[in-house]
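Residues in the first sequence are numbered from 7 upward in steps of one, following this note's numbering.
Think of the CB as a built atom: it goes at the ideal place given N, C-alpha and C, for glycine as much as any other residue.
Notes follow once the structure below has been shown.
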Amino acid sequence: MDFIIEAALKAIKHLYQIELTAADISLQETRKEFEGQVTMVTFPFTKFSKKSPEQTGNEIGAYLQNELEEVAGFNVIKGFLNISLTDGFWLNKLDTEILPDDFAVFKPNGKKVMVEYSSPNTNKPLHLGHIRNNLLGFSVAEILAGAGYEVIKTNLVNDRGIHICKSMLAWQKFGNGETPESSGLKGDHLVGKYYVLFDKEYKKQIDELKQLGQTEEEAKKNAPLIKEAQEMLQQWEAGDKEVINLWKTMNSWVYAGFADTYKNLGVSFDKFYYESNTYILGKDIIDEGLKKGVFFRKPDNSVWIDLTDEGLDEKLVLRSDGTSVYMTQDLGTAQLKYNDFQMDSSIYVVGNEQDYHFKVLFLILQKLGKTWAKGLFHLSYGMVDLPSGKMKSREGTVVDADDLMAEMEQTAKLQTEAMGKVEDFGTDEKQQLYHIIGMGALKYFLLKVDPKKRLLFDPNESVDFQGHTGPFIQYTHARIRSVLNKAGYNNAGKAGIQILADVERDLIVSLSQFPEIIQVAAAGFSPAIIANYLFELAKTYNKFYHEKSILQAEDEVLKQFRLQLSAASGKVIKKGMGLLGIEVPERM
RNA sequence: GGUCCCAUAGCUCAGCUGGAUAGAGCAACAGAUUUCUAAUCUGUAGGUCAUAGGUUCGAAUCCUAUUGGGAUCACCA
Numbered sequence: 007m008d009f010i011i012e013a014a015l016k017a018i019k020h021l022y023q024i025e026l027t028a029a030d031i032s033l034q035e036t037r038k039e040f041e042g043q044v045t046m047v048t049f050p051f052t053k054f055s056k057k058s059p060e061q062t063g064n065e066i067g068a069y070l071q072n073e074l075e076e077v078a079g080f081n082v083i084k085g086f087l088n089i090s091l092t093d094g095f096w097l098n099k100l101d102t103e104i105l106p107d108d109f110a111v112f113k114p115n116g117k118k119v120m121v122e123y124s125s126p127n128t129n130k131p132l133h134l135g136h137i138r139n140n141l142l143g144f145s146v147a148e149i150l151a152g153a154g155y156e157v158i159k160t161n162l163v164n165d166r167g168i169h170i171c172k173s174m175l176a177w178q179k180f181g182n183g184e185t186p187e188s189s190g191l192k193g194d195h196l197v198g199k200y201y202v203l204f205d206k207e208y209k210k211q212i213d214e215l216k217q218l219g220q221t222e223e224e225a226k227k228n229a230p231l232i233k234e235a236q237e238m239l240q241q242w243e244a245g246d247k248e249v250i251n252l253w254k255t256m257n258s259w260v261y262a263g264f265a266d267t268y269k270n271l272g273v274s275f276d277k278f279y280y281e282s283n284t285y286i287l288g289k290d291i292i293d294e295g296l297k298k299g300v301f302f303r304k305p306d307n308s309v310w311i312d313l314t315d316e317g318l319d320e321k322l323v324l325r326s327d328g329t330s331v332y333m334t335q336d337l338g339t340a341q342l343k344y345n346d347f348q349m350d351s352s353i354y355v356v357g358n359e360q361d362y363h364f365k366v367l368f369l370i371l372q373k374l375g376k377t378w379a380k381g382l383f384h385l386s387y388g389m390v391d392l393p394s395g396k397m398k399s400r401e402g403t404v405v406d407a408d409d410l411m412a413e414m415e416q417t418a419k420l421q422t423e424a425m426g427k428v429e430d431f432g433t434d435e436k437q438q439l440y441h442i443i444g445m446g447a448l449k450y451f452l453l454k455v456d457p458k459k460r461l462l463f464d465p466n467e468s469v470d471f472q473g474h475t476g477p478f479i480q481y482t483h484a485r486i487r488s489v490l491n492k493a494g495y496n497n498a499g500k501a502g503i504q505i506l507a508d509v510e511r512d513l514i515v516s517l518s519q520f521p522e523i524i525q526v527a528a529a530g531f532s533p534a535i536i537a538n539y540l541f542e543l544a545k546t547y548n549k550f551y552h553e554k555s556i557l558q559a560e561d562e563v564l565k566q567f568r569l570q571l572s573a574a575s576g577k578v579i580k581k582g583m584g585l586l587g588i589e590v591p592e593r594m
């Protein structure tokens, strides 16, 4: 719509002798209840037009209509200049922009961006919180790639530490050599089982010690199990062969399980980082910071940074015994990732409980003079809560990722069968469809919401399949495919019609917004923008579908045009859903 | 106590850098299928945009304070 802004600038110069820039003019979509497609707000111009908003709008509108052949007419309501563009303009847009294969395809913009997400712990299976993380990360990566970025998806696996030792210890003590093969359990679930078991036994010991007169705090420290776990961690760090072997074995079980879950979720990674490798990093950055005077050493030899000027606290970056803390590792890992890829920006998809950590991390890197630090961004998202409160893996009060996905598929199956539309499908075909629909419902449910908001998930209230949902959009796509197939449509040439019905024009307007929507979503790292756009588009299509017959159109030219419009809508829906990581079926 | 995030219809949420009478979906009610997939469409009803001030021609949106909810401020990760 740049040509309208340009013309408006000329109009204002001509009418009021004032030079404005494009930024001074705000265009918006015309609201449905008014005539027109584009609206200009004229209030700001009244200062120098010295006329009422209505008069100003009328003057500019008249000028535009005179100068631009694309402008069919205008009306002014309370200072809002609503501009109607000609059907010829919209049809031309359809022919030259929307229908060609390169619609909404962006050329590489030469920028490289890293998206780090998932970050699982190898002591337990993934749960609903991880699902939100994975879907967000994957979708943001797809959106950025779609907007022209080169994207590197990374996963920093938290594969060491005391929590891992807990699972290992419990397995050693109570496992009787159980393996995924012997038990038939998925590897990550098997390991998670022992993590929960550890906690149960640990609590028993705490209770026993409390009965003997210890305080809660003492009991937690003195319980034999926790001491053994700590010992195991030290052995691990010392490279004890037996411990390392056990660690490797159990981790391999978990990775096999994760690979399954990721595949089911439809997410993937280009590069894995492992904390067992990165936890030693960061010490040289500490030296660098000390030299530069960014850090300071306390008498007990611990190293700190003073962020009180920034309204934060003093923060420890190295322990007094010289070992790393979380921050040390993350400093080192950030440098490592930059050395590996030299990306222009880097997005960390991590829950909002770590807002403070990342604020500090980025600030430190800036203070250290890392030029790349300004490209770092923490994509923070709210926790997923259950009606019963927070999810806690240790206590087993979680919605397990694998279970949830299976349930969604089951629900999709029941709903689809009840409608009896796919009786001619083969068994595999059916299974695949249930997967697509079930996952579509789940993914859309999680992605349509602003990531910042915390999410309440009630497992008893199943995710909807009607209304503002993934299946609604999938259904619209299936419908389109069905019509196109019946018509034997194969990408015919240009639209041969001249005049548009309202629903047709609305649909073209909606389609034409897609490229900009991608850019806006990319700039804001927001799948929700895509999700909400697709819903609007699907609604607009369904309305068109309902009001206008396609196969029984009044004449062949009109039929071809409506098929083109349908094909374009189908393509945008498919591509848009792809940006969310959601597949669309040909039939459902 | 400090800092950060959130608060819009009964429920789940849109509302982009301030713009028109605050919009959807679900649930409720009333309708639409001899015609391309009714997982659809049309309509009715539902609001002190947490509260109070301020800035502005104009505030759900920006600023300040208050209330409610959440997170965080570990020599845990």
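With respect to the C-alpha of G530, the residue from F383, D408, F431 and D213 having the closest C-alpha is F383. Counting the other CB atoms within 10 Å of its CB gives T314 a total below 16, which places it among the exposed residues.
Distance check between I514 and each of V331, S188 and L97 places L97 closest, using alpha-carbon atoms only. Bridge pairing for N88: T45 and N81 [DSSP]. Membership of M397 in any beta strand (DSSP E) is not indicated, and neither H nor E is assigned to it by DSSP. The count of Cβ pairs closer than 8 Å, one atom from the segment 415 to 422 and one from the segment 142 to 158, stays below three, leaving the stretches out of contact. Selection K227, H195 and D430 evaluated against K209 yields K227 as nearest (Cα-Cα). Rounded to whole angstroms, the separation of the alpha carbons of L506 and N64 is 26 Å.
Listed in chain order, the alpha helix (DSSP H) runs fully inside the segment 172 to 198 are 186 to 189, counting runs of at least 4 residues.
Counting other Cβ atoms within 10 Å of its Cβ, Q558 stays below 16 and is therefore classed as exposed. DSSP, read as helix, strand or coil, puts D456 in coil. The continuous beta strand (DSSP E) containing Y279 extends over residues K277 to Y280.
As computed with DSSP, I311 is found in a beta bridge with F301 and K321. Between L392 and F463, the gap from beta carbon to beta carbon is short of 8 Å.
Bridge partners of I158 according to DSSP: M120. Rounded to whole angstroms, the gap between the alpha carbons of N129 and T255 is 12 Å.
Counting C-beta atoms within 10 angstroms of its own C-beta, D336 has 16 or more neighbours from the protein chains shown and is therefore classed as buried.
E60 and V469 have their C-alpha atoms roughly 48 Å apart.
Residue pairing of Y387 in beta bridges, as defined by DSSP: G357. The C-beta distance from D319 to F264 rounds to 36 Å, too long to fall under 8 Å, and the pair is not in contact. Cβ atoms of D101 and E281 stay farther apart than 8 Å, at about 54 Å. Per the C-alpha coordinates, the member of V489, G446, I503 and G502 positioned closest to P477 is G446.
Contact between L287 and L369 does not hold, since the beta-carbon distance rounds to 19 Å and is not under 8 Å. Excluding the 5 residues flanking it on each side, L367 has same chain C-beta neighbours closer than 6 Å at D336, in chain order. Looking from the CA of K113, the closest CA among N139, W253 and A153 belongs to A153. For E73, the enclosing alpha helix (DSSP H) has its first and last residue at P59 to E73. In this structure, Y450 sits away from T422, with a CB-CB distance that is not shorter than 8 Å. For F80 against G42, the beta-carbon gap comes to about 7 Å, under 8 Å, which counts as contact.
By the C-beta density criterion, E510 is buried, having at least 16 other C-beta atoms within 10 angstroms. In terms of Cβ geometry, E207 and L191 do not form a close pair [threshold 8 Å]. The residue from K99, W378, E248 and T52 with its alpha-carbon nearest to that of K117 is W378. DSSP, read as helix, strand or coil, puts T27 in coil.
Residue ranges of uninterrupted alpha helix (DSSP H) with 4 or more members, entirely inside the segment 193 to 275 and ordered along the chain, are 193 to 217, 222 to 228, 230 to 244 and 247 to 271.
Burial is judged here by how many other beta carbons sit within 10 angstroms of a residue's own beta carbon; G357 has at least 16 and is buried. For T62 against T48, the beta-carbon gap comes to about 5 Å, under 8 Å, which counts as contact. By the neighbour-count criterion, in which 16 or more other beta carbons inside 10 Å mark a residue as buried, R460 falls on the exposed side.
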